[in-house]
Amino acid sequence: MTTRTATDFTHIDAALYAKAFQLLDPAPEPIAPAAPAGPAPASFLAAPPTRLTGAVEKALTDALAFLDTHGWAKHHLIHPEGARCSIGALRAAAGARNAAYRDAGNLLLDEARRQHGKQWDAIPIWNDSHTGAQVRSVWEAAIRRAHHMNI
Numbered sequence: 105m106t107t108r109t110a111t112d113f114t115h116i117d118a119a120l121y122a123k124a125f126q127l128l129d130p131a132p133e134p135i136a137p138a139a140p141a142g143p144a145p146a147s148f149l150a151a152p153p154t155r156l157t158g159a160v161e162k163a164l165t166d167a168l169a170f171l172d173t174h175g176w177a178k179h180h181l182i183h184p185e186g187a188r189c190s191i192g193a194l195r196a197a198a199g200a201r202n203a204a205y206r207d208a209g210n211l212l213l214d215e216a217r218r219q220h221g222k223q224w225d226a227i228p229i230w231n232d233s234h235t236g237a238q239v240r241s242v243w244e245a246a247i248r249r250a251h252h253m254n255i
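In this text, residue positions in the sequence shown follow the numbering used here: the first is 105, and each later residue adds one.
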């Protein structure tokens, strides 16, 4: 079997291609001279990358700030002196029973189960069975998780 390969190529006229590109872009923008190599401006280096806080992270952070400001309570949604339990603080921070409130509560309960066992069915029962330091540890871990999950 004999296979024939064509080796004759059509010559490309470079001037013709240059003219075609000139017609497509008749007035190309002049290229600015490159900036001299050197250190970047301090303002460029100092600016941290911008990251928006997710709704769940914000709800958890605001709720923990609420507990820090008004106090933490056991056995009461809202204590007569203004302190709240974990779910009460979350409700105050979220403002409504919206998706952020629900997701923040689920993340908080999941973190409580990670740290204190799977037996906890609800945030109020878990909250009332632990010390303030244990509850705060769960809040802080839930906030870190929300931050890393970017939610």
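For glycine and all other residues, C-beta sits at the position ideal for the given N, C-alpha and C.
Quick one: is residue i buried, meaning 16 or more other Cβ sit within 10 Å of its Cβ, or exposed?
i	result
E215	buried
R248	exposed
A169	exposed
D207	buried
L211	buried
G199	exposed
G221	exposed
L213	buried
L171	buried
A177	buried
A193	buried
Check the DSSP bridge columns for residue i and list the partner residues they point to.
i	result
I191	I191 pairs with nothing; no bridge assigned.
W176	R188
I182	R188
Would the beta-carbon of residue i fall within 8 Å of that of residue j?
i	j	result
I227	I182	no
N231	C189	yes
L164	A246	yes
G158	G175	no
A197	A167	yes
A250	V160	yes
R195	Y205	yes
S233	Q219	no
Taking the continuous alpha helix (DSSP H) assigned at residue i, which residues delimit it?
i	result
H234	Segment: none, H234 is in no alpha helix (DSSP H) and carries neither H nor E.
Q87	No statement about residue 87 is possible, as the shown extent of the chain runs from 105 to 255 and does not include it.
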